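Numbering (the numbering used here), first residue to last: 20 to 73.
Below, the structure written as structure tokens:
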């Protein structure tokens, strides 16, 4: 009987790692706020979706 688990496990790990390689780690704009200052942010909604209450 052949053992399938080790090759299958290696294939799953390789596919998971290859997905991480494709993600971007660039920051659009660096944080230049001084420590202790208040930060404000907005959430863009270009698609016009409506919020859903759970």
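The beta carbon of each residue, even a glycine, is placed where N, CA and C say it ideally should be.
Please read all numbers here as calculations on a predicted model, not as lab measurements.
- Inter-residue distance for residue 47 and residue 73 is about 32 Å (C-alpha atoms, whole angstroms).
- A distance of 8 Å or more separates the beta carbons of residue 49 and residue 58.
- Per DSSP, reduced to three states, the secondary structure at residue 44 is coil, with no helix or strand assignment.
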